[in-house]
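Residue numbers (the UniProt record's numbering), protein chains in the order written: chain A, 1 to 344; chain B, 1 to 344; chain C, 1 to 344; chain D, 1 to 344.
All remarks here apply to the structure that follows.
There are 4 protein chains.
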Amino acid sequence: MIRVGIVGGTGYTGVELLRLLLPHPEVEVAVITSRGEAGQRVDGLFPSLRGHTDLKFSAVSGKDLQGLDVIFFATPHGVAMEMAPELLAAGVRLIDLSADFRLSDAALFAEWYHQEHSSPALLPQASYGLPELFRDEIRGSRLVANPGCYPTAVTLGFAPLLEAGLLEAGGLIADCKSGVSGAGRTARLGLILPESADSVTAYGVSGHRHRPEIEETLSRIAGADIQVQFTPHLMPMIRGIHATLYGRLHKPMSNEALQDLFAQRYAQEPFVDVLPFGEHPSTRTVRGANVCRIALHQPRPGQVVVLSAIDNLVKGAAGQAVQNLNVLFAWPENLGLAQIPLLP
Amino acid sequence: MIRVGIVGGTGYTGVELLRLLLPHPEVEVAVITSRGEAGQRVDGLFPSLRGHTDLKFSAVSGKDLQGLDVIFFATPHGVAMEMAPELLAAGVRLIDLSADFRLSDAALFAEWYHQEHSSPALLPQASYGLPELFRDEIRGSRLVANPGCYPTAVTLGFAPLLEAGLLEAGGLIADCKSGVSGAGRTARLGLILPESADSVTAYGVSGHRHRPEIEETLSRIAGADIQVQFTPHLMPMIRGIHATLYGRLHKPMSNEALQDLFAQRYAQEPFVDVLPFGEHPSTRTVRGANVCRIALHQPRPGQVVVLSAIDNLVKGAAGQAVQNLNVLFAWPENLGLAQIPLLP
Amino acid sequence: MIRVGIVGGTGYTGVELLRLLLPHPEVEVAVITSRGEAGQRVDGLFPSLRGHTDLKFSAVSGKDLQGLDVIFFATPHGVAMEMAPELLAAGVRLIDLSADFRLSDAALFAEWYHQEHSSPALLPQASYGLPELFRDEIRGSRLVANPGCYPTAVTLGFAPLLEAGLLEAGGLIADCKSGVSGAGRTARLGLILPESADSVTAYGVSGHRHRPEIEETLSRIAGADIQVQFTPHLMPMIRGIHATLYGRLHKPMSNEALQDLFAQRYAQEPFVDVLPFGEHPSTRTVRGANVCRIALHQPRPGQVVVLSAIDNLVKGAAGQAVQNLNVLFAWPENLGLAQIPLLP
Amino acid sequence: MIRVGIVGGTGYTGVELLRLLLPHPEVEVAVITSRGEAGQRVDGLFPSLRGHTDLKFSAVSGKDLQGLDVIFFATPHGVAMEMAPELLAAGVRLIDLSADFRLSDAALFAEWYHQEHSSPALLPQASYGLPELFRDEIRGSRLVANPGCYPTAVTLGFAPLLEAGLLEAGGLIADCKSGVSGAGRTARLGLILPESADSVTAYGVSGHRHRPEIEETLSRIAGADIQVQFTPHLMPMIRGIHATLYGRLHKPMSNEALQDLFAQRYAQEPFVDVLPFGEHPSTRTVRGANVCRIALHQPRPGQVVVLSAIDNLVKGAAGQAVQNLNVLFAWPENLGLAQIPLLP
């Protein structure tokens, strides 16, 4: 049994971490922080938790957190990088769900997040918390950068092709569709139901912060400079990301070979589900569960289309964070993560 | 470990039973039947279950089911009453999620379901599976009639007032709002998204099958003939029932006394959550969980409004069925039912 | 051709007024005001209007508005009552979509809106802009209080029964369901899609500002003190109000007589549509149109249920305001209001 | 005033044609046919039309239609091509909203629609009813093939680039998102709200009937063989198509030049709205109106992304059909098509 804390618990990743961690057999959630809600019961803010916890939000400082085994940062970017040095020095392990440690290049961080990185020296120590690709690094690290939601869906979809060196470098496209919860639990006009329901809109088409994150990971696994056209869209739904990925093969291969490539690559992965060739995963089949479902298409020889679906708050955020926790402690990777998706 | 079967597993109560029973520590789902899908993998029809089961639908007859400990009927009305006599004789316990054994009066059944009851002799043996009201009867029975979704929300909301004899007999109103999944997994034009989204409509206002069920139970606990005006509405959402219940007190009582009545009545109930006086439960706070959240209002002296929210597929169907299973076997009542609601 | 202005044009009633007034054959929209957006093109804020207007928001004062024929207030309460005296004195006619002049009693206004009424002397001059009930008063007035959305649906549904003196005074219940646009175009956390979609919740059950408005009107037409239990609910949809109204007849009457009562009462009304007895109007059948559809039920003798559906932004706000404009100028009442509902 | 008929009026294109044609100042809708609903009032099936028409569905044969000026086919494919020869011979003009005359090659039709074309001799006479590209042809024709919804959004978005010869031939991608009404008014399990709401899914990724239609038109305007990877997705909304289009420029051009190209190309088009460079049209801004809104992006030099949004039932079907009618009769092209989108 370890004792964990959640810093910044009033957002959707906060409540989702609680949903997964409260019943986790090896975890006690000892602290959850919020400045604005300090002193309030957590189940007052999130009535879904009534009967499952007596926790209150606290406004503890970094010092108070030093006795914990692990801290999850469910904060906006900029918080974890301030608190990390002291906590790491105190022996706490960190799983950061924000963007602070996802990019290895502090200059790139500054460019996309409009803020200097305050702990650039820690960047080399951070592992990128996508266990399917970097399990060994994560296991050995004390600072895990939990991937973005879009990068998770996109990277798992492209990875087998890029690892095998099968894709042309140019022309990768990731057309992504996300539910509104991806924008966070925040009172923005564009997110209210009359503005966001019954409508589709693209955003950030000319440039989005998840693009450099995607490109860094893909380049790393390809061993070459990979550029991706990344286009996010806001969907009138609560949860879910659907990534539609386009790439061209250097030379055509059979559908069977394509399917085998993915099936074998992910055969041992408990949280990646490769559907039969030609199927279409819908996000409703992953709702509430830590799973990425992938299906392959080759509409014309050499033109590959990969469909990749996750729940943005689970495999795209809190679930993946718990998966990383399990990796860190060498527990079975699906401990506390066996939820069956909620359908319908 | 007991072996259970699900008869009629292709609907929403079927897949929801699987979501709850597959991880249940005392249960093995041995059989799930469907004539139309016989031979097909269950996770082919419900991809949410991929990785969680290798079950296939089977077309077994009643005989093949006689070796099971418990059978859940997730069928339309009319099926369970045909199969029940033989199965009960063989020692199988039955939990019927359909309407066949909910009404104690075969003539009333015939009137509302336009079909003669084929096993009227069994009606006196059936317990009404609302454990909060009839736990002892259920425990001693071999045939449990799992309540309808609306009746669950309505009855739990009115019960403390009627048990205490506080309500005027006339004028009870249950204005209920349900998600579309309550209509079942069935290809009906009125249910397709362009017909049912972004709209509200009442239905069955002049008479709905759940009214006699509600009235029978309320009359029984009131010890008097209770009539209710029951008005169901179709909401543009997937899951959830919200019952808005109106009644008049014989004489005004304080809000505190009202609140105490409910708080004490349900203090020991793991699945009924009485909110602070004057709050408003939303169905999103019960999504995916076996809980009924209730809040009380008294806008004017003597005018009580009870708000009652459940997930129609869980506390309103499959979850309650599992709760009844736990009662039957004297297991802890929340065994396999500790899911935290999915929010957002 | 008259020249009109809209004060406070950045909300949903603002854009809806523009949708209806821009093509109105007798109207030129000369001014639309907003402090926050002054100088900006209206179609920048509302791209739906691109190609239909070159208007910009202006920050004009009351003086600049005095040359107009009519001003629509699409502001929060508290604005119209400040500006009204001067504008009326200058000969401008006012149609106020806010609550400032809906209640005839300044004390009641203060109680429910937590603000002293600044122009109580004007209250007797204000007509209540529900043409189906008060057409003659409106025609003779220079200050029209456009009704609230809920009161429109509720009052039209109860009116024939109360005018005819058929209902018992006690026990009137208005259980109402509204789309989220009724809460306005405002960045509130509870309105964002992940908080409001796929869920139903009641609000203001213990008391809501529309209750005194409803009760004043119903009492007036009944010639007696009428109390209503009014319960609003937030629905996961954009537009639409569905009022489910309950009342008891002094003595039972036939369904035919009930139907005749409504059919005759509204026979000459272009914007009230009485459906055949026993039907169920859905809000989708009124989307975008200035119509109230009503259907009647008598589930048990003497128990009447009236279903009343409107588009909260049209017959519940902007459309009714245009209807009142037409009344004021003795134009055909459906001038500019012949839109067919958008279905699906 | 001309007299028109609608063949197959019980679907969404049927009711949408009525919404647009009933108030059209030059049109009388004389006949609307349906075998299944013959004799029934149209407003019985579509209560949104109550008060706007007394039409009944009729089961007339081709002969009865010969006295009409124009017939709209709102039927599944296969009907118009059977009835067309006789009607054309009788002097009736035809606007076919189905796919029968969209492809110029009968063999291609047979391949994608699994049916021999029964009137291949008529194919050369059919004009492709996208007025922005083929206005002159339409004007001179008596048989107009109204384009598919996806092809309309995709073609208008790619056209200026292809006409100017700026795009590389390979690598065109059209990632499209459609509301559920695009699947028609039909009782299919996958379309019911619990199956289609709160979820995104791709379909027909390996091949969809609209691909050959898109490719034929694009090839024609490019004067070269154009291939497109077309990927449709089902969105949890009622109306709207959002096409996200990807192409590579032969050589980079400035954003200004790109914007100018589109702005000038569509400057005289009443129904194509080119937004400022870098904006993101949402489908809610076109709801109910006959307009295509387009915005341009060039995230990296040479990589163009075109966003194109329409209402699938208006500019993607019935509205475009009325636009074609106006072209045929040389009326102002926006006659009866000046509806302002319904927002929110």
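From the three backbone atoms N, C-alpha and C, an ideal C-beta is built for every residue, glycine too.
The alpha-carbon separation between A:D136 and B:L261 amounts to approximately 57 Å. With 16 or more other CB atoms across the displayed protein chains lying within 10 angstroms of its CB, C:Q298 is buried. Taking 9 Å as the threshold, the shortest C-beta distance from D:A202 to chain B does not fall below it. Considering only B:P85, B:P344, B:A99 and B:A90, the residue with the shortest C-alpha distance to B:H210 is B:A99. When DSSP states are grouped into helix, strand and coil, C:I214 belongs to the helix group.
Look at B:G336 here: in three-state DSSP terms it is coil, with no helix or strand label. Straight through space, the alpha carbons of A:F277 and A:R265 are spaced by roughly 15 Å.
The C-beta of B:G51 comes closer than 9 Å to at least one C-beta of chain A.
Beta-bridge partners of B:P232 (DSSP): B:C176.
Bridge partners of D:H297 according to DSSP: D:V305. For A:G129, no CB of chain D lies under 9 Å from its own CB, so it is not counted at the interface with that chain. One thing to note: A:G240 has its Cβ no nearer than 9 Å to the Cβ of D:V205.
Closest in C-alpha terms to B:T186, from the list B:I71, B:T75 and B:A153, comes B:T75.
In this structure, B:L22 is the residue among B:V7, B:F109, B:L258 and B:L22 with its C-alpha nearest to the C-alpha of B:L335. In this structure, C:E37 sits away from C:V4, with a CB-CB distance that is not shorter than 9 Å. Chain-ordered, the chain A residues with CB closer than 8 Å to the CB of D:M237 read A197, D198, S199, V200 and P236. Sixteen is the threshold: when 16 or more other Cβ atoms of the shown chains lie within 10 Å of the Cβ of B:M235, as they do, the residue is buried.
Among the residues facing chain D, B:I310 is not included, as its CB has no counterpart in that chain under 9 Å away. Selection C:R300, C:G288 and C:L325 evaluated against C:I310 yields C:G288 as nearest (Cα-Cα). Taking the beta carbon of A:V15 as reference, the chain B residues within 9 Å of it are L343 and P344, listed in sequence order. Restricted to the UniProt domain "Semialdehyde dehydrogenase NAD-binding" (3 to 141) of chain D, the alpha helix (DSSP H) segments that are unbroken, complete and at least 4 residues in length are 12 to 21, 42 to 45, 80 to 89, 106 to 113 and 131 to 139, listed in chain order. In terms of Cβ geometry, B:Y203 and B:P160 do not form a close pair [threshold 9 Å]. Of the candidates D:S48, D:V31, D:G39 and D:R41, D:V31 places its Cα closest to the Cα of D:L65. In this structure, DSSP gives A:G165 a state outside helix and strand, which the three-state scheme calls coil. Within 10 angstroms of the beta-carbon of C:E111 lie fewer than 16 other beta-carbons, which makes it exposed.
In terms of beta-carbon proximity, B:P270 lines the interface with chain A, with at least one pair separated by less than 9 Å. Inclusion of D:I95 and D:L328 in the CB contact set at 9 Å is warranted, their separation being smaller than that value.
As computed with DSSP, C:T201 is found in a beta bridge with B:S282 and C:L234. Here the alpha carbon of B:V286 sits roughly 14 Å from the alpha carbon of B:K177. Between B:V291 and B:L167, the CB-CB gap reaches or exceeds 9 Å. By alpha-carbon distance to B:G247, the top candidate from C:L49, C:G171 and C:L88 is C:G171. At a cut-off of 9 Å between beta-carbon atoms, B:L218 makes no contact with chain C. Each residue's CA atom was taken as its position, placing B:R50 and A:F271 some 11 Å apart.
Close CB contacts of B:G319 within its chain, under the 7 Å cut and outside five residues either way in sequence, are with L20, N290 and L337 (chain order).
Put simply, the CB of A:I32 is far from chain D, with every gap to its CB atoms at 9 Å or more. Between B:L193 and D:A197, the beta carbon gap of about 6 Å places them in contact (Cβ cut-off 8 Å).
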